[in-house]
Each structure stands twice: as C-alpha cells, then as structure tokens.
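> Heads up, the final residue of the sequence shown is numbered 985 in our numbering, and it's a clean run with no missing numbers.
Heads up, the beta-carbon is just placed ideally off N, CA and C, and yes, glycines get one too.
Following this message is one structure expressed as structure tokens.
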Amino acid sequence: MSWGTELWDQFDNLEKHTQWGIDVLEKYIKFVKERTEIELSYAKQLRNLSKKYQPKKNSKEEEEYRYTSARAFLATLNEMNDYAGQHEVISENMTSLITGELTRYVQELKQERKSHFHDGRKAQQHIETCWKQLEASKRRFERDCKEADRAQQYFEKMDADINVTKADVEKARQQAQLRHQMAEDSKAEYSSTLQKFNSEQHDHYYTHIPNIFQKIQEMEERRIVRIGESMKTFAEVDRQVIPIIGKCLDEITKAAESIDHKNDSQLVIEAFKSGFEPPGDVDFEDFTQPMKRTISESSLSNSRGDGKSEPKFGSKSKGKLWPFIKKNKLMSLLTSPHQPPPPPPASASPSAVPNGPQSPKQQKEPLSHRFNEFMTSKPKIHCFRSLKRGLSLKLGAGPEDFSNLPPEQRRKKLQQKVDELNKDIQKEMDQRDALTKMKDVYIKNPQMGDAASVDQRLAELGQNIEKLRLEVQKFEGWLAEVEGRLPPRNEQARRQSGLYEAQNTSAVNSCAQDRESSPDGSYTEEQSQETEMKVPATDFDDEFDDEEPLPTIGTCKALYTFEGQNEGTISVAEGEMLYVIEEDKGDGWTRIRRNEDEEGYVPTSYVEVYLDKNAKDS
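What follows is the structure in structure tokens.
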C-alpha cells in the first residue's frame with residue numbers, strides 16, 4: 368500500500384489532506400494548552416481555599432486545633448495543598464512534554480511538507496515541459512511531411528508536362544528531394560523526442576512521483592504516530608500523579624479515622640473545668656422570726672451578730688453560687704431591700720391618712736451598711752477580695768499568678784508560663800555558650816577580635832538568665848501550691864512576689880470554702896493564717912463605676928405616693944410615670960428609674976406596670 372502507486376494522480380488532494388493533518392495537530396496543541404491553564408487555575412483555587420481556612424497565627428483558632436476533629440480538618444487542608452501541587456505538576460509536565468514538543472514538531476512538519484510538495488511540483492513541471500517538446504517535434508514532422516508530399520506532386524506534374532523545360536523539371540525534382548530529406552529529419556527528431564518523453568514519463572509516474580508521495584506518506588504517518596504518542600503522554604502525566612493524589616486522599620482518610628470523640632470530650636473538660644464543686648442547697652429563710660432571720664448565701668451578706676459563721680453555712684458546698692450570679696444581678700442583691708413590701712393603702716391617697724403605709728421598717732440594717740462593716744471586718748475581707756478580683760478580670764486586669772482563674776485553668780496557665788520561661792532560659796544559655804566560644808577563639812587568636820568586647824553581653828545574658836530563673840521559681844512555687852505539693856505561702860511571701868493576697872481561716876457564711884467563687888467564675892484561694900486588713904469602701908464602689916445601666920423594659924404609673932426612706936428605695940408621687948428596669952422577682956418589689964441618677968425599688972402593689980412586648984417575650 369503506497370500513495371505513490373495508488374494515488375499517483377491525486378497530488379492536489381494529498382496536499383489538502385496533509386494540511387488538514389497539520390491543522391488537527393495544532394488544534395490538539397491548543398486543547399492541551401487550555402487543559403494546562405485549567406489545571407493551574409484549579410491548583411491556585413485549591414491553594415487559596417486551603418489558605419483561607421488555615422488557622423491564623425496567635426489567634427483563638429490555634430487553640431481550637433488541639434481537638435482531634437480540628438486537627439483532622441487541618442490535615443485535610445494540608446493534604447489539599449499537596450493535592451493542588453500535583454495539579455501544578457500535571458500542568459508543568461503537559462506543557463513541557465506535549466505542548467512544547469508538539470509546537471516544535473509542527474514547525475518541522477510544515478518545513479518538510481513544503482519541501483516534498485515543492486519537489487512534486489518540480490517533477491510535474493518537468494514532465495509538462497517534455498510533453499510540450501514532444502508536441503512541437505510532432506507538429507514539425509507533420510508539417511515537413513506535408514511539404515514533401517506537395518513537392519513530390521509538383522515534381523510529378525512538371526515531369527509529365529511536355530511544355531516544361533528540362534531545367535524546370537530538374538529544379539522541381541531537387542526541391543522534392545529536399546522536402547523528403549527534411550521530412551525524414553523531422554521524423555527522426557520526432558522519434559527521438561517521443562522516446563525521450565516516454566522515458567521521462569515512465570520515470571515520472573513510476574519513480575519520481577512514487578518517491579515523493581512515499582515521503583509525504585511517511586511524513587503523514589509520523590504525524591499520526593506523534594499525535595498518538597502525545598495522547599498517551601497526556602494520560603501518563605495524569606497517571607503518574609495518581610499514586611500521590613491517592614496518598615493525599617489516604618492521609619485525609621487517616622486523619623478522619625484519627626478523630627477521637629472521647630478524647631475531644633476530655634479536652635473540653637480540661638479546657639473549661641473550674642475545679643469548683645456544684646452549689647449546695649439554698650437554706651430556707653424564715654420570715655416568721657424576723658429577729659432570727661438568716662440571710663441566704665446568695666445574698667452575699669451575713670446577719671449581724673458576733674461576726675461568727677452560723678453552723679448551717681459550714682458545709683463546703685455552701686456559698687458557691689458566685690459563678691452563676693451576673694454583675695447586674697449582684698448589684699440588685701446589694702441594693703434591693705430584703706423585706707416584705709408594705710400593703711397598698713385602703714384609701715385613694717395614702718398620704719392623706721395619718722397612719723398610712725410607710726416604707727417598710729427594716730428589721731436589720733441595710734445590706735450596704737452591713738457591707739461597709741463587711742469590708743472593714745477581718746473575717747470578711749477575703750470574700751470582698753474575691754469580688755474585686757472577679758470584677759477586675761472583667762475589666763481585663765488579671766493578677767500575675769492567675770489567681771483570678773479556676774483551679775484547673777490556673778494550673779494550666781502556670782504550667783504554660785513555666786514552659787515559656789524555660790524556653791527563654793534555654794535561648795539565653797545558647798547565646799551565652801556561643802559568645803563564650805567566641806571569646807575563647809578571640810583569646811587564642813587576638814587578631815580575630817577583642818575578647819573584652821563580649822564581656823558586657825555575657826554579663827547581660829547572665830543577668831537575664833538569673834532573672835528568668837527567679838521567675839521560673841516564682842511560678843513553680845505557685846504551680847506547686849495549686850497542685851497541692853506545697854503549703855500555701857504566708858502574707859510576707861506573697862508581698863515579696865508582688866501579689867496582693869488576703870488570708871483568712873474563718874471565712875464568712877457566704878465565702879466559707881476551700882476555693883472561692885466570684886461573679887464571673889474566678890476564685891480566691893483560702894489562706895492558712897489571718898491578716899488584719901482594712902479596705903476603704905470606695906475601692907468597692909469604684910469597681911462598679913463603669914457598670915452600664917440596666918435597660919428599660921417598660922413603664923409604670925404610681926398608683927399611690929410612696930416615701931422611700933430606706934436604703935435602695937425611691938420616693939414616688941401619685942400619678943407619676945417612671946421607667947421599669949427590673950420586674951418583681953417574687954419579693955414584692957419592682958425596680959424603677961426616674962432618670963440616669965435616680966433609681967430604686969418601690970412596692971409592686973403601689974405601681975401599675977406596662978411592660979414592653981419584647982420584655983414580655985424574653
């Protein structure tokens with residue numbers, strides 16, 4: 368099967384077909400190039416996606432990745448990054464092995480095709496030239512033959528005519544002979560030209576054209592083979608990265624299988640465990656015996672007496688409602704009058720009745736008075752400190768020993784601090800060792816440098832290491848104290864460490880426990896000895912200066928006049944409209960506000976309350 372023998376007369380069609388083959392090759396190159404662009408774009412999008420969900424450094428997200436599920440997600444992100452890298456490899460290999468190679472091959476193919484068809488056209492022009500020479504020789508032979516016949520006929524005519532002279536006959540005979548000779552020469556030339564043409568034509572159709580067409584056929588077959596090899600390479604490039612992509616997917620599967628729900632649950636416990644015990648039962652408050660009435664632990668106060676704790680508050684689980692009391696609720700407890708409200712007057716205007724309702728008689732001094740005494744009395748200073756410490760935590764200020772945190776969280780913070788300090792010490796020691804070696808080199812080789820130039824830096828490093836070691840000892844002491852390996856330190860030791868810490872062995876009723884809770888979940892450690900301390904009441908008041916006012920939840924209208932004579936109450940006039948900021952909690956008092964500076968409690972029965980719809984829903 369040869370194009371030279373089978374397609375000897377299809378020169379133009381072969382030219383069109385080979386051009387189509389080159390167009391197909393260029394189309395395939397364009398296809399592969401667009402595929403590489405897609406792979407690059409896909410890889411870029413995968414990398415951006417992985418980067419988008421990577422945890423930010425020094426952010427809260429980094430702490431979340433200690434859970435196995437979060438670590439598995441992080442491993443998935445990293446594997447997706449490697450997965451994107453494999454698509455970049457696909458793009459690079461296709462560009463170098465297919466696009467680049469085929470582009471160069473197409474240029475070579477075009478040059479080769481141009482050369483072959485140039486040879487074919489040259490051969491066709493040569494055979495056409497030979498044909499034209501043959502036709503010219505043939506026409507000349509035909510013309511000379513006709514001329515010889517006419518000359519012969521003319522001679523015969525002259526020879527038969529008796530009136531013609533012998534000279535004329537001889538002349539006609541010579542002319543006929545000349546024409547016959549010319550015809551013979553033309554015949555010989557025509558015969559030679561014909562033989563030559565036949566030889567050239569044979570060579571053209573059986574040698575030259577088959578050779579040229581054979582080369583064109585081989586060129587076309589090489590093109591077909593090359594495009595097939597490129598398609599195989601196209602598949603092989605993908606197949607080469609399949610094991611690595613499979614490994615990435617296996618790692619993702621492995622990361623998913625490494626998720627341990629039990630371990631994550633335990634980490635949640637370790638992260639948020641406070642170390643406190645649940646609150647105990649709230650004691651019954653007997654209002655039928657006003658003089659012997661006891662204050663619940665949630666009231667944050669103690670009944671006036673000899674300053675000793677009552678037996679019913681001696682259990683360790685008492686007084687632990689602090690973590691569940693919000694700041695506004697705490698303020699309400701400090702200002703709300705703890706006594707039954709007076710009944711509404713029988714007449715329309717209680718002020719007109721001489722023995723009309725009065726502000727409830729306080730059977731005990733107001734809670735704020737007791738709190739002042741609480742702040743200046745020795746057994747109550749410890750509970751006050753826990754309150755101040757909790758509020759300072761909300762304002763962002765925390766003590767150096769993390770005593771504002773629950774026990775478990777404090778232990779972790781202290782351990783973390785110790786580890787950080789040890790790392791800093793190791794870095795300083797490495798620098799000191801390096802400088803010491805440098806100094807030794809300078810001593811042995813003075814021309815390399817002055818050994819005294821590093822003494823100052825060595826001294827600084829020594830001081831830094833000593834300071835860091837002292838810090839480590841300090842934090843290790845606190846850590847040992849938290850873990851129970853050392854007894855609590857006395858006041859003098861705490862003062863030396865720069866920590867203000869009050870100590871108390873006989874706690875008040877609401878604060879008698881080994882670990883003290885505070886309104887925001889912080890605590891204070893019990894100490895082993897008493898220290899008399901007096902804290903001004905203004906220190907406590909300052910802690911609440913920045914408190915935001917409670918939002919209004921409705922309005923109310925005063926039905927009767929009420930004279931607020933006791934601490935925490937407010938006077939209202941009949942018919943006055945005021946804002947409601949706290950509903951009746953079941954004790955018969957409603958908290959209202961007249962303006963930004965005037966607010967307090969009035970008996971619920973003295974006002975008509977109109978709550979906002981949102982407040983009712985909530």
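So, are the CB atoms of L772 and V839 less than 8 angstroms apart?
Numbered from 1 along the sequence shown, position 405 holds the residue referred to as residue 772. Numbered from 1 along the sequence shown, position 472 holds the residue referred to as residue 839. Not a contact, by the Cβ cut-off of 8 angstroms.
> In terms of alpha-carbon separation, which member of M598, I636, V785, V649 lies closest to L464?
Within the sequence shown, residue 464 is the residue found at index 97, counting from 1. Closest option to L464, Cα to Cα, is M598.
> What does DSSP give as the partner residue(s) for A622 in the beta ladder?
The residue given as residue 622 occupies position 255 in the sequence shown. Note: A622 sits in no beta bridge, so no partner.
> List the DSSP bridge partners of G975.
As a working mapping, residue 975 is identified with position 608 in the sequence shown. Per the sequence shown, residue 975 should be read as Glu rather than Gly. In DSSP, E975 forms a bridge with K924.
> Below 8 angstroms, can you find three or more Cβ-Cβ pairs linking the stretch 572–580 to the stretch 525–541?
No contact exists between the stretch 572–580 and the stretch 525–541.
> Quick one: give me the first and last residue of the alpha helix (DSSP H) that I494 is part of.
Within the sequence shown, numbered from 1, the residue matching residue 494 stands at position 127. Run containing I494: 467–527, per the alpha helix (DSSP H) assignment.
> For S482 and C497, I'd like the C-alpha separation in whole angstroms.
For the purposes of this step, residue 482 is identified with residue 115 of the sequence shown, where counting begins at 1. For the purposes of this step, residue 497 is identified with residue 130 of the sequence shown, where counting begins at 1. One C-alpha to the other measures close to 23 angstroms.
> For E848, count neighbouring C-beta atoms within 10 Å of its own C-beta (all shown protein chains included) and say buried if the count is 16 or more, exposed if not.
For the purposes of this step, residue 848 is identified with residue 481 of the sequence shown, where counting begins at 1. That one is buried.
> Can you list, in chain order, the residues of its chain whose CB lies under 8 angstroms from that of D535, leaving out five sequence neighbours each side?
Translated into the one-based positions of the sequence shown, residue 535 becomes position 168. Correct list, in chain order: M525.
> Please list the terminal residues of the continuous beta strand (DSSP E) segment that includes T574.
As a first step, residue 574 is located in the sequence shown; it is residue number 207 there, counting from the start. Looking at the DSSP string, T574 is not in any beta strand (DSSP E), and its letter there is neither H nor E.
> Please state whether DSSP places R961 in a helix, a strand or coil.
Counted from its first residue, the sequence shown places residue 961 at position 594. Here R961 sits in coil by DSSP.
> With burial defined as no fewer than 16 other Cβ atoms inside 10 Å of the residue's Cβ, what is the status of D552: buried or exposed?
Counting from one through the sequence shown, the residue named residue 552 turns up at place 185. When all chains shown are included, D552 counts as exposed.
> Give the secondary structure of N380 by DSSP, where H, G and I count as helix, E and B as strand, and everything else as coil.
The sequence position of residue 380 within the sequence shown is 13, counting from 1. The answer is helix: DSSP assigns N380 an H, G or I state.
> Secondary structure at W375, three-state DSSP: helix, strand or coil?
Along the sequence shown, read from residue 1 onward, the residue named residue 375 stands at position 8. Note: W375 maps to coil in three-state DSSP.
> For the beta strand (DSSP E) containing P970, list its first residue and its last residue.
Your numbering for residue 970 matches position 603 in the sequence shown. Per DSSP, P970 belongs to the beta strand (DSSP E) from 966–970.
> Short of 7 angstroms in beta carbon distance, which residues of its chain neighbour E479, apart from the five on each side in sequence? Order them along the chain.
Here the question's residue 479 lines up with position 112 in the sequence shown. Closer than 7 angstroms at the Cβ level, and outside the excluded window around E479, lie M586.
> Mind checking which residues open and close the beta strand (DSSP E) that includes V947?
Start at 1 with the first residue of the sequence shown, and residue 947 comes out as number 580. Counting along the chain, the beta strand (DSSP E) containing V947 begins and ends at 944–949.
> Taking the alpha helix (DSSP H) that Q798 belongs to, which residues open and close that run?
Along the sequence shown, one-based indexing puts residue 798 at 431. 774–811 is the extent of the alpha helix (DSSP H) around Q798.
> Going by DSSP, which residues form a beta bridge with W387?
Numbered from 1 along the sequence shown, position 20 holds the residue referred to as residue 387. Per DSSP, none; premise fails for W387.
> Checking the sheet assignment: what are the DSSP bridge partners for F929?
Numbered from 1 along the sequence shown, position 562 holds the residue referred to as residue 929. Beta-bridge pairing links F929 to V939.
> Count the other CB atoms within 10 Å of the CB of Y420; is the residue buried (16 or more) or exposed (fewer)?
For the purposes of this step, residue 420 is identified with residue 53 of the sequence shown, where counting begins at 1. Under this definition Y420 is an exposed residue.
> Are the Cβ atoms of Q584 and S417 separated by less than 8 angstroms?
Locating residue 584 in the sequence shown gives position 217, counting from the first residue. Locating residue 417 in the sequence shown gives position 50, counting from the first residue. Taking 8 angstroms as the Cβ cut-off, Q584 and S417 do not qualify as a contacting pair.
> Between L469 and I396, how many whole angstroms is the CB-CB distance? I'm expecting something under 8 angstroms.
Along the sequence shown, one-based indexing puts residue 469 at 102. Along the sequence shown, one-based indexing puts residue 396 at 29. Right, their Cβ atoms sit about 5 angstroms apart.
> Considering G829, what are the terminal residues of the alpha helix (DSSP H) in which it resides?
Within the sequence shown, residue 829 is the residue found at index 462, counting from 1. Looking at the DSSP string, the run of the alpha helix (DSSP H) that includes G829 is 822–850.
> Within the chosen definition, does the stretch 607–615 reach the stretch 506–522 through at least 3 CB pairs nearer than 8 angstroms?
The stretch 607–615 vs the stretch 506–522: no contact.
> Restricting to Cα atoms, I'd like to know which of F601, D964, Y968 is closest to Q352.
Because the chain in this structure spans residues 368 to 985, residue 352 falls outside the shown range and cannot be described.
> Leaving aside the five residues before and after R799 along the sequence, list all residues of the same chain whose C-beta is less than 8 angstroms from its C-beta, in chain order.
The sequence position of residue 799 within the sequence shown is 432, counting from 1. Around R799: L825, L828, G829, I832.
> By how many angstroms is the C-alpha of I579 removed from the C-alpha of G371?
The count along the sequence shown starts at 1 and reaches residue 371 at position 4. The count along the sequence shown starts at 1 and reaches residue 579 at position 212. Computed Cα separation, rounded: 7 angstroms.
> Alpha carbon to alpha carbon, what distance is there between A638 and K779?
One-based indexing of the sequence shown puts residue 779 at position 412. One-based indexing of the sequence shown puts residue 638 at position 271. Whole-angstrom Cα-Cα distance: 9 angstroms.
> Would you report the Cα separation of M447 and C615, rounded to the nearest angstrom?
Residue 447 sits at position 80 when you count from the first residue of the sequence shown. Residue 615 sits at position 248 when you count from the first residue of the sequence shown. Going by the C-alpha atoms only, they are around 7 angstroms apart.
> What does the alpha-carbon distance come out to for the pair I920 and I948?
In the sequence shown, the residue the question calls residue 920 occupies position 553. In the sequence shown, the residue the question calls residue 948 occupies position 581. Each residue's alpha carbon lies about 5 angstroms from the other.
> Within the chosen definition, does the stretch 435–444 reach the stretch 543–562 through at least 3 CB pairs nearer than 8 angstroms?
They do not touch, by the three-pair rule.
> For F769, I'd like the list of residues in its chain whose CB is within less than 7 angstroms of its CB, leaving aside the five on either flank, ordered along the chain.
Sequence index remark: in the sequence shown, residue 769 carries index 402 (1-based). So the qualifying residues of the chain are R777, K780, L781.
> So, is P774 buried or exposed, given that buried needs 16 or more other C-beta atoms within 10 angstroms?
Within the sequence shown, residue 774 is the residue found at index 407, counting from 1. Counting Cβ neighbours within 10 Å, P774 comes out buried, since at least 16 surround it.
> Report yes if the C-beta distance between I959 and E966 is below 8 angstroms; otherwise report no.
Here residue 959 corresponds to residue number 592 of the sequence shown, with the count starting at 1. Here residue 966 corresponds to residue number 599 of the sequence shown, with the count starting at 1. Contact flag set, yes.
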